[in-house]
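Student: Dropping the structure in here first, questions after.
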Amino acid sequence: MAWQGIEGHDRVAAAFVAGEACGHLTGSYLFIGPPGVGKATFARTLARSLTCLAPSPGLVACGRCASCAQADAGSHPDIDIVSKPEDRATIPLEAFIGDAAHRMREGLCWRLLLRPAVSGRKVAIVLDADHLSEESANCLLKTLEEPSANAVIILVGTALERQLPTIRSRCQVIRFGPLETELVERLLAAELQLAGDETEPAAIAAAAAASGGSLDRARLLLDAEVGAFRTRLLELLSRRPLRGVELARETNEIVEA
Numbered sequence: 007m008a009w010q011g012i013e014g015h016d017r018v019a020a021a022f023v024a025g026e027a028c029g030h031l032t033g034s035y036l037f038i039g040p041p042g043v044g045k046a047t048f049a050r051t052l053a054r055s056l057t058c059l060a061p062s063p064g065l066v067a068c069g070r071c072a073s074c075a076q077a078d079a080g081s082h083p084d085i086d087i088v089s090k091p092e093d094r095a096t097i098p099l100e101a102f103i104g105d106a107a108h109r110m111r112e113g114l115c116w117r118l119l120l121r122p123a124v125s126g127r128k129v130a131i132v133l134d135a136d137h138l139s140e141e142s143a144n145c146l147l148k149t150l151e152e153p154s155a156n157a158v159i160i161l162v163g164t165a166l167e168r169q170l171p172t173i174r175s176r177c178q179v180i181r182f183g184p185l186e187t188e189l190v191e192r193l194l195a196a197e198l199q200l201a202g203d204e205t206e207p208a209a210i211a212a213a214a215a216a217s218g219g220s221l222d223r224a225r226l227l228l229d230a231e232v233g234a235f236r237t238r239l240l241e242l243l244s245r246r247p248l249r250g251v252e253l254a255r256e257t258n259e260i261v262e263a
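Residue numbers (this note's numbering): 7 to 263.
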């Protein structure tokens with residue numbers, strides 16, 4: 007049975023449930039796996055459960071307490087989520103230690119030092135950990151090395167190779183695998199049905215089959231322009247001699263679009 011509605015990652019969920027039951031669920035974690043498989047969703051759901059005031063056995067949030075209500079509203083004072091702004095190449099330094107006028111009086115690292123306001127612990131989630139600048143990573147290191155006793159820190163990335171060695175060595179790595187094709191197809195179909203989209207089942211099945219286990223990629227492949235480009239790309243790659251200039255030009259055009 008899927009843990010709190012999250013399918014495809016029962017093994018990961020079971021490890022966290024066991025860790026909580028033994029009282030060992032503390033410290034820093036690095037979630038690694040392909041994009042679009044549910045790592046961020048899992049991290050947010052875990053944060054909600056860890057801060058719930060009346061969790062059920064199996065690390066399941068009650069969904070009724072004040073803490074769950076705040077988590078659902080995105081306003082929980084003990085859950086801190088940091089991500090890369092769309093207009094930035096990296097997560098800005100001030101997200102961790104505050105701007106120049108408020109160094110170590112604002113930001114995630116400072117907030118983790120505060121006592122929990124609602125629940126018994128604090129949870130910090132760093133999305134887009136692939137885009138930590140070296141400066142930001144260095145500021146985060148001490149917090150990862152010596153997290154507060156009541157804090158859980160979760161970094162979400164796609165590959166170990168994209169994380170600084172100093173970050174990797176200070177976190178427990180949790181690996182998320184690609185989703186099964188059948189699961190991607192089912193989730194995608196349910197999502198489209200809910201949105202009132204009447205995409206043909208054959209198209210959904212084709213997108214799921216080519217998704218590599220990523221729901222995000224499956225969604226993208228249903229886009230008409232992206233689908234047409236994928237067909238065109240395969241055609242260009244099959245030609246001999248390879249037309250590098252044409253390939254580069256058309257690829258750049260779709261990326262810009």
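Every residue gets a Cβ at the ideal spot worked out from N, C-alpha and C, and that includes glycine. Computed from a prediction, not measured in an experiment: that's the story for all the values here.
1) Measuring CB to CB, does L99 end up less than 7 Å from A135?
2) Leaving aside the five residues before and after C74 along the sequence, list all residues of the same chain whose C-beta is less than 7 Å from its C-beta, in chain order.
3) Just reading off the beta strand (DSSP E) that F37 is part of, what are its end residues?
4) Apart from the five residues on each side of it in sequence, which residues of its chain come closer than 6 Å, Cβ to Cβ, to L198?
5) Under 8 Å: do the region 248 to 261 and the region 210 to 218 share three or more Cβ pairs, one atom per stretch?
6) Residue ranges of each alpha helix (DSSP H) run of no fewer than 4 residues wholly in the region 155 to 239, ordered along the chain?
7) Cβ atoms of A77 and I85: under 7 Å apart, would you say?
8) Use the C-beta contact count for V132: other C-beta atoms within 10 angstroms, 16 or more gives buried, fewer gives exposed.
9) Hey, would you say L253 sits closer than 7 Å to L242, going by beta carbons?
10) Note down, one range per segment and in chain order, each alpha helix (DSSP H) of at least 4 residues found wholly within the region 73 to 148.
Tutor: Taking the structure as given:
1) Walking along the sequence shown from the start, residue 99 turns up at place 93. Walking along the sequence shown from the start, residue 135 turns up at place 129. Not closer than 7 Å, so no.
2) Taking the first residue of the sequence shown as 1, we reach residue 74 at position 68. Taking C74 as the centre and dropping the five residues before and after it, the same chain places the C-beta of R54, C58, A67, C68 closer than 7 Å to its C-beta, in chain order.
3) Translated into the one-based positions of the sequence shown, residue 37 becomes position 31. For F37, the enclosing beta strand (DSSP E) starts and ends at 33 to 38.
4) Taking the sequence shown and counting its residues from 1, the one referred to as residue 198 is at position 192. In the same chain as L198, and ignoring 5 residues on each side of it, the C-beta atoms closer than 6 Å to its own belong to T205, in chain order.
5) They do not touch, by the three-pair rule.
6) Along the length of the region 155 to 239, whole alpha helix (DSSP H) runs at least 4 residues long occupy 171 to 174, 187 to 200, 207 to 215, 221 to 227, reported in chain order.
7) For the purposes of this step, residue 85 is taken as residue 79 along the sequence shown, with counting starting at 1. For the purposes of this step, residue 77 is taken as residue 71 along the sequence shown, with counting starting at 1. Inclusion of I85 and A77 in the CB contact set at 7 Å is warranted, their separation being smaller than that value.
8) The residue labelled residue 132 in the question sits at position 126 within the sequence shown. Answer is buried; the Cβ neighbour count reaches 16.
9) To locate residue 253, count along the sequence shown from 1; it is residue 247. To locate residue 242, count along the sequence shown from 1; it is residue 236. Contact flag set, yes.
10) For secondary structure counted as the alpha helix (DSSP H) over 4 or more consecutive residues, the region 73 to 148 holds these complete runs in sequence order: 100 to 103, 114 to 117.
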